[in-house]
Each structure stands twice: as C-alpha cells, then as structure tokens.
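**Q** In my numbering, the protein residues as written are 40 to 226.
C-beta atoms are modelled at their ideal positions from N, C-alpha and C, and glycine is treated no differently.
Remember, it's a predicted structure, so these values are computed and weren't measured experimentally.
Below is the structure I would like to discuss, written out as structure tokens.
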C-alpha cells in the first residue's frame, strides 16, 4: 500500500474519511480498530462503474486480508467501505473485526479466496456489491452478527463451498448467489 495512503490511515481519527484516487493501490490496509470511511473519489451520492473499476486495492499474496478493520475494544463504532475494487487476496478481501456496524457498498471483490468475513461485527450491511471468489472459497462468512444484503451478486468458481455462510439474523433481498456447492447456509 503506498506509504502516503498508509500514513493517512495511521494518522486518521475516528470518523475520518480517506478518499483513494483512481489507480492501483498495492498492499493490505488495516484500520487498526478505527471507525473510518474508505472510499473512491467520486461525486454525488454513489460511485459509478468507472469509479469502482479504476480505484483498486490489490493484495500482495502475503496471507493477509486485503482490508482488515481490526477490533474496537469497546465494540462500538462503524466502518464504511465504498466504491472500490478489491482483488488478489489469498485469504479474505475484507476481514471485519469487532464493530457495531460495517457498511459495505458499491464494491467489486474479485480473485480472492474468500469475499467478506465478519465474526464479531454486530451488523453488516452489504449493498450493491459483487463478489467473485476463486478456488474453494466462501463469498460471505458472517458469524455472530446480523447481515443485511441487498442488490448483491456473489459467484463462486468451480469447487467453491458456500455462497453465504451465516449463523445469525439475516435478511437478503434482490441478490444473486451462484456457482457454490451450497448457496446460502444458515447455521
């Protein structure tokens, strides 16, 4: 991850917004438990397809999630990730830590073993996001918190296991889940 982008996250305070310029940003991002908004540079209410496809956070095949939020000691706070492409992760595209809310919208997550993981986030809101996992991965792996998914596409490669694996309150509307051994698995 370019040093100036990493430095922006390091010096950010809770509820700051970090805007990524168009281009490929290589390396992993860790929010270190801060309530941060990470988004592409777009104008208006939501990004367009060019904003998303031309603002890329690319993993380095180092065994780390591409974006990790870390944990908040108080379990409060929010993270927002909006309008970027996340690709090339050997584990998760996004790994959510202990937060009250995670708002993920208008993303493309591709060529990652798994899409999004959240074991202790209280509420995960996933909107207009496309997830394409490779190999035997899982699209969404949300345990311990509620999931609200709307207008998402989650597609697995041959041999992919679960499209959505959840064990708490889940509301899915207007989504497509395809190419997995089990589409939606509720424990």
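Taking Cβ positions, are residue 195 and residue 172 nearer each other than 7 Å?
**A** yes
**Q** Provide the residue span of the beta strand (DSSP E) that contains residue 120, from first to last.
**A** Counting along the chain, the beta strand (DSSP E) containing residue 120 begins and ends at 117 to 121.
**Q** For the alpha helix (DSSP H) that contains residue 89, what are its first and last residues?
**A** 88 to 92
**Q** With a threshold of 6 Å, establish whether the CB of residue 123 neighbours any heavy atom of the ligand NAP.
**A** Looking for the ligand NAP in the displayed structure turns up nothing, as the structure carries no ligands at all.
**Q** How long is the line joining the alpha carbons of residue 148 and residue 206, rounded to whole angstroms?
**A** 22 Å
**Q** Taking the alpha-carbon positions, what's the residue 175 to residue 97 distance?
**A** 20 Å
**Q** Hey, would you say residue 124 sits closer than 7 Å to residue 92, going by beta carbons?
**A** yes
**Q** Can you tell me where the beta strand (DSSP E) holding residue 224 begins and where it ends?
**A** 221 to 225
**Q** Hey, could you find the ends of the beta strand (DSSP E) residue 164 is sitting in?
**A** 162 to 166
**Q** Mind checking residue 113: buried by the 16 CB within 10 Å criterion, or exposed?
**A** exposed
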